[in-house]
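Here the structure is laid out as structure tokens; the discussion comes afterwards.
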Amino acid sequence: MMRKYSYKIFVTLLWSFLTLITIIPIYWMVLVSTKKPVDLFGKPDLSPTFFENIYWKNYTRPFIDGVYSEYLFNSVIIATSNAVLVTILALMATYALSRFNLAAADNIFFWTMTNRMAPPVAFLLPLFLLFSTVFRIGDHSLFDTKIGLILLYCIFNLPFSIWLLKGIIDGIPKELDEAMVIDGANLFTIFYRLIIPLAAPGIAVTALLSFLFAWNEYLLASTLSSVYARTIPTGLSEFVTTTGTNWGMMAAVAVVSMLPALLFLVLVQKYIVAGLTFGAVKG
Amino acid sequence: MYSKKTAWLLLSPTLLILGVVGLVPFFYVLYIGFFTWNPLGVNHDMQFVSLGDNYRKLVFDKEFIASVWRSIIFAVTTLIFELTLGFFLALSLISSFPLKKFFRGVHTLPLVIAPIVVGSIFKLFTVQGFGPLPHFLNDWFGYDLNYGRSAVQAFWLIVIMDIWHWTPFVTLTLLAGLSALPQDPYESAKIDGANNIQIFFYITIPMMIPVLIVVIFIRLMDSLKIVDEVWMLTGGGPGYATRFTGIHIWKQVFENRFYGYSSAMSILYLYVTIVICWLLYSIMTGKQKTNDA
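Chains as they are written, first to last, in this note's numbering: chain A, 1 to 283; chain B, 1001 to 1293.
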């Protein structure tokens, strides 16, 4: 009995320590975002002073006076559109792969997976060249457009969504579809009345995680946009310059770009394991 | 209703988009790899060299080979730490203790934060001048942390950042695997008088091998292609200390503009990641088969 209690105390202490390690760097960033540049230097002060006097200029200068409100707007548009597009396409593709006994189904699966696995940096140059010179109609190229990034993010979000939805749609008995077909339902009705209602939680998780991955993406966005399609992560990297960094403003932008993640954490926490392992391990 | 035509119709938008943003760039980069193409050089047009010339040069390119080794060492180091730590944390989460749900929730937090933000968090935490970590390390232990100057410190700081960011993934995945294990083998082992260490090595680990393969597979793939966090924190420096293959390729493409040569690099890098993961996969599944026999 004694041993059991000491184990419990040990584990609780261990996890409290880990929680501190997780939270303190994030907490410090939030703290820096509320401080005046002159107050930063000297002995680091970790006490929570930010409730008393927040230096709002760290937030207002990039987001109201600067271009970061546009970046934020772009991020919202790109991530939302990509999540919607990916969820609809993945639902259709998964249904096709799950129900029609295609001979090539396994190969198509494997191929979509390789798209997620490949290092994106290997495709930066061809994508950059294709987007700026090849994929163009008249004066309009895909380079530096929101549509370009929305399509591009399918490269990692579509495979992931298909893998996540596969387990869910496979779990809906095929007999239900067949019964509806006998009653004269067409494909659209089957989706609308059967698949979407039954798979609703899974679809919601797919959409939320797709949004999150699109929101967090940096490398492709920084290479394939210059002015009009900049997203928040690319804006964050703009702070690192050789002439000196405005640390308070950088922290403020980082805090804002972290917000959706924090909001979603509560919603997706249960499914994040299944999401990140492509459903190979159920959470 | 279940005609093949409908199936392909449903699949076509997915295949079309993945083809355009995935397959076309792959063949394009393969194609450029056969050329010399330096837009900033003397001959700034695309010139065919030979099918293997860029690749032959690549094998003797010390900087590139060094960056590949650096990436592999980084991936293996972080994997060992994350796997060990994650396994024990997952085991500890099986039993019940106060505030468990809260702890697990906070543990999930780094997973949803963007890599570039993680880079910023660590930059703010370790920067010279006002970062708490260098300050307190100096105050309490007299240790001088300046990753802008020390190559070893920069490398290990990136390792620590990766552990901070991705151990939760290992923990939660292994926890999901552990919770799904059948209980009968444990009961039989206890009746036969096995101790906890024996149970761990002879029952838990063998039964966890499929989940372990998934975790190792995904972690290796992801850490071999690390760019964002490193770019934000050290920019690949000091010197070449944290210039992993991804960053090396990025610099060759967008700073030096060696289009042809860096395309060959990309292809080789793609090949290395695939081979490593395939090797690992076959070793682990092969071992599992001999265990079963």
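Quick reminder that beta carbons are idealized off the backbone N, C-alpha and C, glycines included.
9 Å Cβ cutoff, residue i in contact with chain A
i	result
G1239(B)	no
V1127(B)	yes
M1207(B)	no
P1025(B)	yes
V1076(B)	no
L1157(B)	no
L1010(B)	yes
G1246(B)	yes
C-beta atoms of residue i and residue j nearer than 9 Å
i	j	result
F100(A)	T1006(B)	yes
P126(A)	K1225(B)	no
L1270(B)	T1171(B)	no
V268(A)	L198(A)	no
Y71(A)	T245(A)	no
F1102(B)	T133(A)	no
S225(A)	D144(A)	yes
A90(A)	I162(A)	yes
I26(A)	L1109(B)	yes
L46(A)	I24(A)	yes
G235(A)	V255(A)	no
S1223(B)	T1126(B)	no
S1120(B)	A221(A)	no
T1036(B)	F1027(B)	no
Interface partners of residue i on chain B, CB under 8 Å
i	result
I272(A)	T1108, L1111, V1112, L1172
T231(A)	Ordered by position in chain B, no residue passes the 8 Å Cβ test against T231(A), which lies about 10 Å from the chain.
T112(A)	T1014, L1018
L130(A)	V1024, P1025, Y1028
Beta-bridge pairing of residue i - partner residues as DSSP gives them
i	result
S1096(B)	S1096(B) pairs with nothing; no bridge assigned.
T1036(B)	Q1047(B)
H140(A)	I137(A)
Per-residue contacts from residue i into chain A (C-beta, under 8 Å)
i	result
F1122(B)	P25
K1004(B)	F100, L102
F1097(B)	K8, V11, T12, W15
Interface residues of chain A facing residue i [CB-CB closer than 7 Å]
i	result
T1273(B)	P119
Y1259(B)	L125
P1132(B)	W28, P44, L46
T1242(B)	The contacting residues do not exist; T1242(B) stays about 14 Å from chain A at best.
M1046(B)	Those within 7 Å of M1046(B) in chain A number zero; the least Cβ separation is about 11 Å.
Burial state of residue i (16 or more Cβ within 10 Å)
i	result
I1283(B)	exposed
W1231(B)	buried
P1299(B)	The structure shown does not extend to residue 1299(B), since chain B is modelled only from 1001 to 1293, so the question has no answer here.
K43(A)	exposed
L1133(B)	buried
L1040(B)	exposed
Y153(A)	buried
Y95(A)	buried
A1114(B)	buried
E1063(B)	exposed
P62(A)	buried
A1293(B)	Summary for A1293(B): the model assigns pLDDT 44, below 50, so the residue's position carries little reliability, and this model does not support an answer.
D1184(B)	exposed
E1187(B)	exposed
P260(A)	buried
S1266(B)	buried
L1089(B)	buried
Q1252(B)	buried
K4(A)	exposed
Partners in chain A for residue i, counting only beta-carbon separations shorter than 9 Å
i	result
F1103(B)	T12, W15, S16, L18, T19
M1232(B)	Y218, L236, S237, V240
G1142(B)	Simply none; closest approach about 16 Å.
W1250(B)	V121, L124, L219, T223
Min CB distance residue i to chain B below 9 Å
i	result
F264(A)	yes
N58(A)	no
V84(A)	no
S237(A)	yes
I294(A)	This structure does not reach residue 294(A), given that chain A is present from 1 up to 283, and the question cannot be answered.
T206(A)	no
I155(A)	yes
N115(A)	yes
I147(A)	no
T189(A)	no
Contact set between residue i and chain B, taken where Cβ atoms lie within less than 7 Å
i	result
M250(A)	S1120
W247(A)	L1124
S257(A)	A1114, V1117
A199(A)	Within chain B, no residue comes near A199(A); the closest Cβ sits about 15 Å away, beyond 7 Å.
Contacts of residue i in chain B (Cβ-Cβ under 9 Å)
i	result
F41(A)	G1129, F1130
T22(A)	V1106, H1107, L1109, P1110, W1164, P1168
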